[in-house]
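**Student:**
Chains as they are written, first to last, in the numbering used here: chain X, 1 to 254; chain C, 1001 to 1254.
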């Protein structure tokens, strides 16, 4: 049977210019390329479940590994030893926590059922030294009323809709219909989390949805206006694109 | 009234050679010195509540600020604006979250009623990229039995006792009696936390107590042996000194 390896990994995105290999700057994919070459002794094709932007983190990210040009891999390394074997060749901020064999026909991006992202907001006037690179510092207090409005607004994101409003203006994607299964806002202590799962995401979509929720917290947008704003397909109607370093890919389900 | 300023701060210790100023390496105290000089326009004496080792973190740390050589300070900066004013002159990994005036007779180290430390252990075979510099990676699984033994052993640390056993061998302190008020072990997911509060701590004491609990988890020491080990005043009877980067000063109470 022709088979590939599917890696489950997590990474702190701070030091990387995103997942995908690019000419300038170090990426997670490049580190996976180097580690697999060192471990297996041959060049590999690494295909990720998602492109992530510079500074974005992943609690769960998936990538397939196959021998370069072959769409399959043969190795004597036992699959359950792979996470620890990879650890020897990966930096501290990338960790493979599980590995499994999948059929060669498997595609880590196209076969995704849904992905879940979390956007974290540190909502206190004073900053948090432990979260400076892993949350967005939004210093204006979001009170109970603002939080209730955000929760209400988030509900309007759920469903199969055209999300063109919430896509980066320079994106070239033409099919902008996606299905959001879950969109929830929660606050614990001074940390606000926006959790959203969907069958797919447009470029900058989670960051623009979050920025729109912030506009709701600031009473610039009312929850009942969300449907009209979504229908407008006008990027300018939505909120700001919040910074990348508050964003975490949290779950990938096939 | 002669008064000083008491700062409440938190810091990520990764980049620092501990709190206390020293000839080689950057320290938290040095950063506070630079920031207060930039803010107030004169040199200050900064006195911390504790010396912390290189790599140790603080969720809560206290330090007094007075004009150099005067044991008092006069400034037009309103005390409630001080945290944000300091933020301009401090790096991202140090944050003042509160400030208050205290009498000039106040001493941030001698006046402490109790301090509470937390030691965090990442207990999974695979490492965690988000905790690599803020927990100790102990890969051998501590099961329910081991955890129960650790909890039981920790109870024997509580009380007014001579803790010489749990002091770094090269420490020169002669009065080694301290009162531990709380010593608790908890596990949530793959993270084990040892929380300990006391009126004072000997050099490396929390790290050696934690190392002793790890020896208990490994069944090298039984919980009922703790009293004998404490009474021995023999450093070699205790467990290892676990690494600094899992240690957090969590609370300072006056």
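Cβ atoms here follow ideal geometry from the backbone N, Cα and C, with glycine treated the same way.
Is it true that the segment 143-151 of chain X meets the segment 212-227 of chain X, where meeting means three or more beta-carbon pairs spaced less than 8 Å apart?
**Tutor:** Result yes; three or more Cβ-Cβ pairs closer than 8 Å.
**Student:** Quick check: residue 192/X and residue 240/X, are their CB atoms within less than 7 Å of each other?
**Tutor:** In this structure, residue 240/X does not lie closer than 7 Å to residue 192/X by Cβ.
**Student:** Evaluate residue 1134/C with the Cβ neighbour count: other Cβ atoms within 10 Å of its Cβ, from every protein chain shown; 16 or more gives buried, anything less gives exposed.
**Tutor:** buried
**Student:** Mapping DSSP to helix, strand and coil, what is residue 1031/C?
**Tutor:** helix
**Student:** Can you name the start and end residues of the alpha helix (DSSP H) that residue 1236/C belongs to?
**Tutor:** No alpha helix (DSSP H) holds residue 1236/C; DSSP gives it neither H nor E.
**Student:** Contact between the segment 1040-1060 of chain C and the segment 1009-1022 of chain C is defined here as three or more beta-carbon pairs at a separation below 8 Å; is this criterion met?
**Tutor:** Judged by pairs of C-beta atoms under 8 Å, the segment 1040-1060 of chain C touches the segment 1009-1022 of chain C, as three or more such pairs exist.
**Student:** With a Cβ-Cβ cutoff of 7 Å, do residue 183/X and residue 157/X count as a contact?
**Tutor:** yes
**Student:** Please classify residue 1041/C as buried or exposed, where buried requires at least 16 other C-beta atoms within 10 Å of its C-beta.
**Tutor:** exposed
**Student:** For the beta strand (DSSP E) containing residue 149/X, name the first residue and the last one.
**Tutor:** Taken as a continuous stretch (DSSP letters only), residue 149/X belongs to no beta strand (DSSP E), being part of the alpha helix (DSSP H) at 144-155.
**Student:** So what does residue 183/X bridge to, in DSSP terms?
**Tutor:** 196/X
**Student:** If residue 32/X sits next to residue 85/X, beta carbons under 8 Å apart, how far is it from one beta carbon to the other, in whole angstroms?
**Tutor:** About 13 Å separates the two Cβ atoms, so there is no contact after all.
**Student:** Below 8 Å on C-beta distance, what does residue 1127/C contact in chain X?
**Tutor:** 87, 92, 95
**Student:** Measuring alpha carbon to alpha carbon, tell me which residue in 141/X, 95/X, 237/X, 50/X is nearest residue 115/X.
**Tutor:** 50/X
**Student:** If distances are taken between C-alpha atoms only, which option among 1228/C, 1245/C, 1249/C, 1071/C comes closest to residue 1200/C?
**Tutor:** 1249/C
**Student:** Give the straight-line distance between the Cα atoms of residue 8/X and residue 100/X, rounded to the nearest whole angstrom.
**Tutor:** Taking the straight line joining both Cα atoms gives about 8 Å.
**Student:** Nearest to residue 1109/C by CA position, among 1012/C, 1082/C, 1092/C, 1046/C, is which residue?
**Tutor:** 1046/C
**Student:** Can the beta-carbon of residue 53/X be found closer than 7 Å to that of residue 244/X?
**Tutor:** Contact flag set, yes.
**Student:** To the nearest angstrom, how far is the alpha carbon of residue 1224/C from that of residue 1164/C?
**Tutor:** 18 Å
**Student:** Using the C-alpha atoms, what's the distance from residue 36/X back to residue 75/X?
**Tutor:** Cα-Cα distance, rounded: 11 Å.
**Student:** Counting along the chain, where does the alpha helix (DSSP H) carrying residue 1214/C start and finish?
**Tutor:** 1205-1217
**Student:** In whole angstroms, what separates the C-alpha of residue 1144/C from that of residue 1066/C?
**Tutor:** 50 Å
**Student:** Residue 1251/C by DSSP, collapsed to three states: which one?
**Tutor:** strand
**Student:** Where do the N-terminal and C-terminal ends of the alpha helix (DSSP H) with residue 1084/C fall, by residue?
**Tutor:** 1082-1087
**Student:** Anything in the segment 1005-1019 of chain C with a Cβ closer than 7 Å to a Cβ of chain X? List those residues in chain order, please.
**Tutor:** 1010, 1011, 1012
**Student:** Going by C-alpha distance, which of 1187/C, 1204/C, 1012/C, 1026/C is nearest residue 1123/C?
**Tutor:** 1187/C
**Student:** By DSSP's criteria, residue 1046/C is part of a beta bridge. Which residues make up the other side?
**Tutor:** 1065/C
**Student:** Identify the contact partners of residue 1039/C in chain X, using a Cβ-Cβ distance below 8 Å as the criterion.
**Tutor:** Chain X residues near residue 1039/C: none, gap ~15 Å exceeds 8 Å.
**Student:** Around the Cβ of residue 253/X, are there at least 16 other Cβ atoms within 10 angstroms (buried) or fewer (exposed)?
**Tutor:** exposed
**Student:** Just to confirm before moving on: does the CB-CB distance between residue 1176/C and residue 1202/C stay below 7 Å?
**Tutor:** yes
**Student:** Per DSSP, what kind of secondary structure is residue 115/X in: helix, strand or coil?
**Tutor:** The answer is strand: DSSP assigns residue 115/X an E or B state.
**Student:** Give a yes or no on whether the minimum CB-CB distance between residue 1130/C and chain X is below 7 Å.
**Tutor:** yes
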